[in-house]
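J.: Below: one structure in structure tokens.
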Amino acid sequence: MGRSRRTIPEELLLLALDPATGTTAQPQSLDLGLAGAQLVELALAGRIAPDGDRIAVVLPRPTGDPTLDSALELLRRRGSPVRAVHWIGGPRLGLRQTYLTHLERCGMVHAVSSQMCGVLPTTRYQATETTISREIRTRLDAAIRTGVPPDPRTAALAALAHAVGLGKHLYPGNEGRSCRSRLRDLIRHDPMGGLVAHAVMDVQNGAGAQPRRAAGNGAAGPPATPTAQNGRPQAARAGVPSGHVQSRQVPEKARPSVGGMVRAGAR
Numbered sequence: 001m002g003r004s005r006r007t008i009p010e011e012l013l014l015l016a017l018d019p020a021t022g023t024t025a026q027p028q029s030l031d032l033g034l035a036g037a038q039l040v041e042l043a044l045a046g047r048i049a050p051d052g053d054r055i056a057v058v059l060p061r062p063t064g065d066p067t068l069d070s071a072l073e074l075l076r077r078r079g080s081p082v083r084a085v086h087w088i089g090g091p092r093l094g095l096r097q098t099y100l101t102h103l104e105r106c107g108m109v110h111a112v113s114s115q116m117c118g119v120l121p122t123t124r125y126q127a128t129e130t131t132i133s134r135e136i137r138t139r140l141d142a143a144i145r146t147g148v149p150p151d152p153r154t155a156a157l158a159a160l161a162h163a164v165g166l167g168k169h170l171y172p173g174n175e176g177r178s179c180r181s182r183l184r185d186l187i188r189h190d191p192m193g194g195l196v197a198h199a200v201m202d203v204q205n206g207a208g209a210q211p212r213r214a215a216g217n218g219a220a221g222p223p224a225t226p227t228a229q230n231g232r233p234q235a236a237r238a239g240v241p242s243g244h245v246q247s248r249q250v251p252e253k254a255r256p257s258v259g260g261m262v263r264a265g266a267r
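Position 150 (the sequence shown) corresponds to 150 in full-length UniProt numbering; numbering is contiguous.
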């Protein structure tokens, strides 16, 4: 795959990048959107194809893009088609930073080190050429405002932008309401883009999640608190607190003295 064309993950990230602050909008959902964008790009490259709500590898040959080829290899190792919602909801955390580093390496953005609140080190990313971001935005605006069916790339980009919640960032306020609605409607113009966009939204809504994988990512919520017959939560067992533990459950001699704690900290 030549580098003359930007990939959909790159364009999605550039859309999310705020030129004023150097930060990305919707950082929590953007990882999911980038995972979906990789699937669309691989489909457009002829490497994968939708099989119902699943993704099947049809040509395992590398594309030449390291980030896409890493995803393609992981899909190939699965051996059988994988549900899009399970793939996107899997361990894809960190894709945002991976692509920010990738864009910096390609010269599309440059990193600016600073401090948050004058203490915490942080890194902002500024676009080196704002014309690239403007061109992407112009394509999206044209698809929204003209009513002309967009090309598959633009349709998929619009679908993913809606899925991760970029609509309110790109078209804010009441005046942008019709544009946000049109952005949502563009999902139907590209089957693959629509499939992954719905999968991204399903993952955010908790649908189709895999408990084992979610637990490994720390994405699963806390275990349900046991409930007694009177409807009140019971105290947690096995030493794991559930909001609070009644003091009478702790043996008196097992409690550390306050003075002892102070002395220990002073040594």
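No residue lacks a Cβ here, since even glycine has one placed at the ideal position from N, Cα and C.
Only a predicted model underlies this, so the values are computations on that prediction, with no experimental measurement involved.
Quick one: is Arg5 near chain C, going by C-beta distance under 7 Å?
T.: Given the protein chain composition of this structure (a single chain), no chain C is represented.
J.: Can you tell me which of Asp190, Thr67, Val58, Leu95 puts its alpha carbon nearest to the alpha carbon of Ala156?
T.: Against the sequence shown, residue 156 aligns to sequence position 156. Among Asp190, Thr67, Val58, Leu95, the Cα nearest to that of Ala156 belongs to Asp190.
J.: May I have a chain-ordered list of the alpha helix (DSSP H) segments no shorter than 4 residues that lie completely inside the region 65-129?
T.: The qualifying runs are 66-78, 84-88, 95-105.
J.: Measure the C-alpha to C-alpha separation of Leu160 and Asp151 and round it to an integer number of angstroms.
T.: Counting from 1 along the sequence shown, the entry for residue 160 is found at position 160. Counting from 1 along the sequence shown, the entry for residue 151 is found at position 151. Each residue's Cα considered, the two are about 14 Å apart.
J.: Counting pairs of beta carbons, one from the region 122-133 and one from the region 2-18, are three or more of them closer than 8 Å?
T.: Judged by Cβ distances under 8 Å, the region 122-133 makes contact with the region 2-18, as three or more pairs qualify.
J.: Comparing alpha-carbon positions, which option in Pro19, Glu10, Ala25 lies nearest Leu166?
T.: Counted from its first residue, the sequence shown places residue 166 at position 166. Checked all of Pro19, Glu10, Ala25; the closest Cα to Leu166 is Ala25.
J.: Would you give the residue range spanned by the alpha helix (DSSP H) that residue 307 belongs to?
T.: This structure cannot settle anything about residue 307, because the visible part of the chain is limited to 1 through 267.
J.: Would the region 135-142 and the region 28-43 be scored as touching if the rule is three or more Cβ pairs under 8 Å?
T.: Flag = no, the region 135-142 and the region 28-43 do not touch.
J.: Just tell me which of Pro27, Met201, Ala207 has its CA closest to the CA of Leu95.
T.: In the sequence shown, counting from the first residue as 1, residue 95 sits at position 95. The shortest C-alpha separation from Leu95 is found at Pro27.
J.: Would you call the region 169-185 in contact with the region 65-78, where contact means no fewer than 3 C-beta pairs closer than 8 Å?
T.: No, the region 169-185 is not in contact with the region 65-78.
J.: Quick one: grab the DSSP three-state call for Ala56.
T.: In the sequence shown, counting from the first residue as 1, residue 56 sits at position 56. Three-state result, Ala56: strand.
J.: Three-state secondary structure (DSSP) at Pro191?
T.: Numbered from its first residue, the sequence shown carries residue 191 at position 191. Here Pro191 sits in helix by DSSP.
J.: Measuring straight from C-alpha to C-alpha, what distance separates Pro149 and Gly194?
T.: Taking the sequence shown and counting its residues from 1, one reaches residue 149 at position 149. Taking the sequence shown and counting its residues from 1, one reaches residue 194 at position 194. When rounded, the distance between both Cα atoms is 14 Å.
J.: Give the secondary structure of Ala27 by DSSP, where H, G and I count as helix, E and B as strand, and everything else as coil.
T.: Here residue 27 refers to the residue found at position 27 when the sequence shown is read from its first residue. A small fix is needed here, since residue 27 is Pro in this sequence, not Ala. Pro27 falls in the helix class under three-state DSSP.
J.: Suppose the cutoff is 6 Å on Cβ atoms and the five residues either side in sequence are ignored; what does the same chain contact list for Arg180 look like?
T.: Working through the sequence shown from its first residue, we reach residue 180 at position 180. Here the set comprises Gly167, Tyr171.
J.: Inspect the beta-carbon positions of Arg76 and Val57 and report whether they are closer than 7 Å.
T.: To locate residue 76, count along the sequence shown from 1; it is residue 76. To locate residue 57, count along the sequence shown from 1; it is residue 57. In this structure, Val57 lies closer than 7 Å to Arg76 by Cβ.
J.: Just reading off the alpha helix (DSSP H) that Pro152 is part of, what are its end residues?
T.: The count along the sequence shown starts at 1 and reaches residue 152 at position 152. Taken as a continuous stretch (DSSP letters only), the alpha helix (DSSP H) holding Pro152 covers 152-163.
J.: What did DSSP end up calling Ala20 once you bin it into helix, strand or coil?
T.: Counted from its first residue, the sequence shown places residue 20 at position 20. Residue state, collapsed to three classes: coil.
J.: CB-CB under 8 Å to Ser178, same chain, minus the five flanking residues each way: which ones, in chain order?
T.: Here the question's residue 178 lines up with position 178 in the sequence shown. Within the same chain, Ser178 has no close Cβ partners at all.
J.: Answer yes or no: do residue 315 and Val85 have a C-beta to C-beta separation smaller than 7 Å?
T.: The first residue shown for the chain is 1 and the last is 267, placing residue 315 beyond what the model contains.
J.: By the 10 Å Cβ neighbour count, where 16 or more other Cβ atoms means buried, how is Thr122 classified, buried or exposed?
T.: What you label residue 122 is simply residue 122 of the sequence shown in a count that begins at 1. It is exposed - the Cβ of Thr122 has fewer than 16 other Cβ atoms within 10 Å.
J.: Between the alpha carbons of Arg232 and Leu32, how many angstroms are there, rounded?
T.: Position 232 of the sequence shown, counted from the first residue, corresponds to residue 232. Position 32 of the sequence shown, counted from the first residue, corresponds to residue 32. Confidence in Arg232 is poor, its pLDDT being 45 and thus under 50, which makes the residue's placement too unreliable to answer from.
J.: In or out: residue 325 buried (at least 16 other Cβ within 10 Å) or exposed?
T.: Residue 325 lies beyond the range of the chain shown here (1 to 267); nothing can be said about it.
J.: Can you tell me which of Leu30, Gly176, Arg6 puts its alpha carbon nearest to the alpha carbon of Gly89?
T.: Working through the sequence shown from its first residue, we reach residue 89 at position 89. That would be Leu30, whose Cα lies nearest to the Cα of Gly89.
J.: Suppose the cutoff is 7 Å on Cβ atoms and the five residues either side in sequence are ignored; what does the same chain contact list for Ala197 look like?
T.: Residue mapping note: residue 197 aligns to position 197 of the sequence shown, counting from 1. Within the same chain, Ala197 has close Cβ partners Gly36, Ala159, Leu160, His162, Ala163, Ile187.
J.: Tell whether a beta-carbon distance below 7 Å holds between Leu34 and Leu72.
T.: Stepping through the sequence shown from its first residue, residue 34 is reached at position 34. Stepping through the sequence shown from its first residue, residue 72 is reached at position 72. The answer is no: Cβ separation not under 7 Å.
J.: Report all residues from its chain with a CB closer than 8 Å to the CB of Thr128; omit the five preceding and five following residues, and keep chain order.
T.: Here the question's residue 128 lines up with position 128 in the sequence shown. So the list reads Gly107, Met108, Val109, His110, once near-sequence residues are dropped.
J.: For Thr22, tell me which candidate among Arg54, Ala199, Arg124 has the shortest Cα-Cα distance.
T.: Residue numbering aside, residue 22 sits at position 22 when the sequence shown is read from its first letter. It should be noted that the sequence gives Gly, not Thr, for residue 22. Looking at the Cα atoms, Arg124 is the closest of the given residues.
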